[in-house]
Amino acid sequence: MKLNLAKDFSPNPFGRYPSDGPNSGERFREEKLKKALTECKQRQETLEVYLDDVPIGLGSSFLDESFAGLVLKRYFSLQDLKNLLVIKTTDPSYKDEIWSYIEEAAEH
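Following our numbering, the numbering of the sequence shown begins with 20 at its first residue and continues without gaps.
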């Protein structure tokens, strides 16, 4: 399954919480990521999340809340995400950043 951040959620994702704006990491996690990953887990598929169509940079608070929040809220384990989640981007720093947030969340 594929999920394009800009096209399937917003071209302007920003902030951690809804109080930061309408396209927050919390909203992306709850409305898009959680649902897609749950479906992929049931189907034994992977979810490819595409980041490159976002015209502005992706903030750390958005990425942390979106991806690490999956573990912190106990929706998925680190191993679940390693099996299910594929980050697609031409900027490897985003991929590294996302996985570092996920791994840090798993330690708590």
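For each residue, glycine too, the CB sits at the ideal point set by N, CA and C.
Per-residue burial, residue i [other beta carbons within 10 Å of its own, 16 or more giving buried]
{"i": "Glu58", "result": "exposed"}
{"i": "Gly88", "result": "buried"}
{"i": "Ile121", "result": "buried"}
{"i": "Gly83", "result": "Sequence check: residue 83 is Asp here, not Gly. Result: buried."}
{"i": "Ile117", "result": "buried"}
{"i": "Ile106", "result": "buried"}
For residue i, the three-state DSSP class (helix, strand or coil)
{"i": "Tyr120", "result": "helix"}
{"i": "Lys92", "result": "coil"}
Supposed close pair residue i, residue j - CB separation, criterion 8 Å
{"i": "Asp5", "j": "Phe33", "result": "Nothing about residue 5 can be reported from this structure: the residues present for the chain run from 20 to 127 only."}
{"i": "Ser43", "j": "Arg35", "result": "6 Å"}
Beta-bridge pairing of residue i - partner residues as DSSP gives them
{"i": "Leu104", "result": "Leu66"}
{"i": "Leu82", "result": "BP columns for Leu82 are empty, so no partner."}
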